[in-house]
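Have a look at the structure below, then the notes.
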Amino acid sequence: MQKVLDALFQIAPTLSPKLKTVARLILDKPNAVATTSMRALARQAGVTPPTMIRLAQELGFESYEKFRQVFQESVNDQGFGSRASWLQQSSEAE
């Protein structure tokens, strides 16, 4: 996850205003990517879900799910696996 965050920090100045907004949200709350649905994160950032997908693609991911998987694996590695799964399921139910 840290490599993705570092890459995001590096490209942030070159991003469009909407992508910068999403980048700031992710840099401020990286674990939220693992535990919150794409739609909910987009809502928090005040953008549409396709903006989330575009950011993932800017970072070289073929999909938002592949991008999100990096964050989920990092949370799981921290020993929060069951809590992350529960949070992810509850946020998708919203």
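Be aware that the sequence shown starts at 10, since it is given in this note's numbering, and climbs by one per residue. Think of the CB as a built atom: it goes at the ideal place given N, C-alpha and C, for glycine as much as any other residue. Computed from a predicted model, the values in this text were never measured in an experiment.
- Counting the other CB atoms within 10 Å of its CB gives Ser-83 a total of 16 or more, which places it among the buried residues.
- Excluding residues up to 5 positions away in sequence, nothing lies with its Cβ nearer than 7 Å to the Cβ of Gln-66 in the same chain.
- Rounded to whole angstroms, the Cβ separation of Leu-64 and Leu-28 is 5 Å, and the two are in contact under 8 Å.
- For Ser-83, the enclosing alpha helix (DSSP H) starts and ends at 73-84.
- The C-beta separation of Leu-36 from Leu-14 comes to about 6 Å, placing the pair in contact by the 8 Å criterion.
- With 16 or more other Cβ atoms from the protein chains shown falling within 10 Å of its own Cβ, Gln-81 counts as buried.
- Rounded to the nearest whole angstrom, the CA to CA distance from Phe-70 to Arg-77 is 10 Å.
- Ala-54 is a Cβ neighbour of Thr-30, given a cutoff of 8 Å.
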